[in-house]
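A.B. asks:
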Amino acid sequence: MKISQLLKDELIEPNLTLAEKNAVLEYLVKLASSSIKEKSSIEPDVVLQALKDREAMMSTGIGNGVAIPHAKVEGLNSLILIFAKSNNGIDFQALDEAPVHIIFLVIAPRADDIASGDVHPSSANDYLKLLAAISLLLKKKKNRTALLEANTKAEIMAAIKTGEQL
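Note that this note's numbering gives residue 175 to position 159 of the sequence shown, counting from 1, and the numbers run on in steps of one.
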């Protein structure tokens with residue numbers, strides 16, 4: 017799965033200024049509210065609570081300045097991907113305790129929606145493939161550096177596309 021094919025321009029935030037994890041999650045869900053409403057009948061607050069519940073289990077700050085918050089939400093019919101970059105860093109309670117600068121937020125349909133036939137079965141595989149693609153992209157320091165140096169939505173998308181080809 018290609019990150020660049022799923023990520024929409026309006027869901028890229030190149031200059032996130034918030035510093036607290038819950039405020040960041042709230043802002044990013046608000047940014048995605050029109051996509052959430054387009055792909056479901058659920059309210060953005062439901063998505064926000066699912067993300068907060070997931071973070072309460074264990075931080076999705078994976079280290080090296082990266083966080084991949086993700087949650088499955090009942091009533092959603094396809095994946096939503098959001099990207100944000102913070103120059104100042106966010107306290108995400110990351111595994112390495114370093115501030116987070118790069119965030120890929122993934123919202124996915126729940127498995128029971130897939131089982132009931134409300135969502136295509138490939139969505140479960142797509143969710144795992146997307147998380148794997150993001151992890152693979154961010155595993156390389158060169159890709160993380162390119163994302164950190166990108167200042168516009170176009171530069172961020174170009175960095176992602178280049179990283180996907182490596």
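Using N, Cα and C, we set each Cβ at its ideal position, and we do this for glycine too.
In this text the structure is predicted, and so the values were computed from the model without any measurement.
1) What is the DSSP secondary structure of Gly179, reduced to helix, strand or coil?
2) Suppose you measure from the CA of Ala131 to the CA of Asn104; what does that come to, to the nearest Å?
3) Can you list, in chain order, the residues of its chain whose CB lies under 6 angstroms from that of Lys88, leaving out five sequence neighbours each side?
4) Identify which residue in Leu64, Leu95, Lys157 and Ser75 has its Cα closest to the Cα of Glu54.
5) So what does Ala83 bridge to, in DSSP terms?
6) Identify, in the order they occur along the chain, each residue of the same chain with its Cβ nearer than 7 angstroms to the Cβ of Gln108, setting aside the five sequence neighbours on each side.
7) Nearest-angstrom Cα distance between Leu121 and Ile150?
8) Which of the three DSSP states, helix, strand or coil, is assigned to Asp61?
9) Under the rule that 16 or more other beta-carbon atoms within 10 Å means buried, what is Lys155, buried or exposed?
C.D. replies: With the structure as the only source:
1) Three-state DSSP puts Gly179 in a helix.
2) Below a pLDDT of 50, predicted positions are generally treated as unreliable, and Ala131, at 49, falls in that range; no measurement from the model is reported.
3) Result list for Lys88: Ala124 and Arg126, in chain order.
4) Looking at Leu64, Leu95, Lys157 and Ser75, the one whose alpha-carbon comes closest to that of Glu54 is Leu95.
5) The bridge partners DSSP lists for Ala83 are Gly77 and Ile119.
6) Gln is not the amino acid found at residue 108; the sequence shown has Phe there. The beta carbon of Phe108 is closer than 7 angstroms to those of Lys37, Ser75, Gly77, Ala83 and Val116 in its chain, skipping five residues each way along the sequence.
7) Spanning the alpha carbons of Leu121 and Ile150 requires a straight line of approximately 10 angstroms.
8) Reduced to three states, the DSSP call for Asp61 is helix.
9) Exposed is the call here.
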